[in-house]
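First residue of the sequence shown: 1, per my numbering; consecutive thereafter.
The beta-carbon is built from N, C-alpha and C at its ideal position, and this holds for glycine as well.
Report on one structure; see the data block that follows.
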Amino acid sequence: MRVFRLAYTGDFLNAQGRYAYGEGGFSLFAGVPYLTWRFLEDQAPRADDPSYWQRFYSLAIRPEHLLGVDGLAVLRPAVTRETFSAGAQDLVVIGRSGAGYDKIDLAACTEHDVALFNCPSALDHSTASTALMFMLVLAKRLMEQQRVVRAGVWQRQAEVMGSELAGRTLGIVGLGRSGRELVRLVSPFGMRIIAYSPHADPRQAASLGVALVPLHTLLREADFVSLHARLTPQNRGLIGAAELGLMKPTAFLVNVARGALVDEDALFKALEEGKIGGAGLDVFSMEPIKPDLPVFSLPNVVVTPHVAGVTDGTAKYRAQAALENANRIALGIEPLYRVDNKAF
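What follows is the structure in structure tokens.
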């Protein structure tokens with residue numbers, strides 16, 4: 001049997017040249033003689049290159065990276081039409097180590113007979129639980145309460161009184177895997193749940209106790225709007241000034257999907273002017289974000305560095321899923337979680 005050669009993008013490594021996310025499932029390679037693997041080390045961080053972290057979200061796979069590679073496991077770098085400009089004769093599959101694949105040119109993959117798969121279920125719980133965390137932190141006004149304690153002004157307790165989730169309305173934009181997991185997680189809180197998801201199965205939504213509604217209805221009625229939609233050309237800038245203007249002045253916006261779903265300038269203005277109650281943001285349109293972003297100056301904003309799907313558990317699961325599919329493909333078996341139309 002011919003050896004199947006798998007390459008991992010260099011951003012799986014840390015600055016010391018070791019895998020950055022724990023053991024990573026590489027023990028699956030033990031005793032599999034027809035699989036080899038390596039990292040694209042020219043894309044890895046280095047201790048003597050602090051500028052790496054300002055450009056690592058703009059990394060892209062170049063044609064030379066594909067030489068002698070049968071399968072490619074991708075974390076952050078983009079796969080563009082230029083990636084295939086030298087032909088990519090050996091490449092048969094790309095595995096996206098995560099759920100989203102908006103940085104991978106699907107049409108170019110199909111044209112070059114390269115299958116694409118992702119790891120859709122790897123991030124469901126961690127992403128949904130991050131959304132719930134934002135909801136609780138914002139509703140309870142945790143950040144403001146923490147500042148009161150640190151400042152030693154306990155007499156301001158009443159000024160930072162929080163609110164409950166019970167009896168409130170949660171609006172989920174994108175009733176996919178992470179959206180449905182959020183439904184499960186909030187079920188003990190006694191919330192009314194509505195969703196905007198054009199491709200959702202109405203029967204499945206009904207079985208979850210979720211009412212499917214138009215976006216404008218969701219924005220008007222929800223106390224919490226949580227974004228879980230995959231980024232597409234059609235929904236880029238889905239939440240702009242007009243949409244934010246429909247929200248209640250007490251409502252919170254949570255984004256654990258993609259930053260480009262939201263017009264960030266419009267969001268900052270809405271927050272600054274008190275048109276919405278606050279925001280919890282794990283993702284931004286341009287990453288990494290600059291520390292002087294205006295939104296950071298607002299007390300009703302909670303941010304995290306695009307880590308909703310990054311935990312010790314998800315990192316291992318994603319790596320193992322990629323290795324499992326590499327093993328399947330090496331044996332001529334259809335890979336799991338295909339997201340393209342290419343016949344394998």
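Residue i and residue j closer than 8 Å at C-beta
i	j	result
S226	V183	no
A251	D292	no
V303	L331	no
L231	R258	yes
T311	S51	no
G313	H228	no
D124	E64	no
R236	A206	no
L165	M133	no
Alpha-carbon to alpha-carbon, residue j and residue i
i	j	result
T36	V69	10 Å
V283	V307	8 Å
Y34	A326	10 Å
I94	C109	9 Å
A44	I194	42 Å
A322	S97	7 Å
D340	V262	27 Å
F117	G152	52 Å
L75	Q234	24 Å
L142	G162	8 Å
V173	L212	10 Å
E264	L246	16 Å
D201	R2	43 Å
R150	A158	16 Å
Q204	P214	17 Å
I239	R55	27 Å
P305	A86	35 Å
Proximity to residue i [Cα-Cα], best of the options
i	options	result
P77	V307, Y34, G10, V295	G10
V411	N118, A139, S178, A279	This structure cannot settle anything about residue 411, because the visible part of the chain is limited to 1 through 344.
R18	A115, G31, L40, A166	L40
V32	D49, F4, L13	F4
S197	A151, T217, T130, Q16	T217
I104	P305, E144, A60, F56	A60
Y57	Q145, R150, V79, R203	V79
F84	A107, Q204, Q16	A107
L72	R81, L185, A20, A7	A7
T169	A86, E221, V137, K316	E221
P249	E111, E273, I239	E273
Own chain, CB closer than 8 Å to residue i, minus 5 neighbours either side, in chain order
i	result
L271	G278, A279, V295, L298, N300, V301
A343	Per-residue confidence for A343 stands at a pLDDT of 42, beneath the threshold of 50, marking its modelled position as unreliable; no derived number is given.
L90	A quick correction: the sequence has Asp, not Leu, at residue 90. The answer, listed in chain order, is R5, L66, L67, G68, V69, D70.
W154	V148
W53	P45, P288
L62	Note that residue 62 is Arg in the sequence shown, not Leu. The residues are E82, T83.
L13	Y19, A20, F39, E41, A44, P45
I333	none
Contact belief for residue i with residue j at Cβ below 8 Å, rounded distance in angstroms
i	j	result
S178	A128	5 Å
R318	C119	5 Å
A131	V256	5 Å
A315	Y21	3 Å
Cβ shell of residue i (< 6 Å), same chain only, five flanking positions each side left out
i	result
R328	P335
L208	V183
R156	V148
Cβ shell of residue i (< 7 Å), same chain only, five flanking positions each side left out
i	result
G167	G190
L244	A266, L267, A270, K275, I276
S187	none
S121	R177
A15	P45, R46, A47
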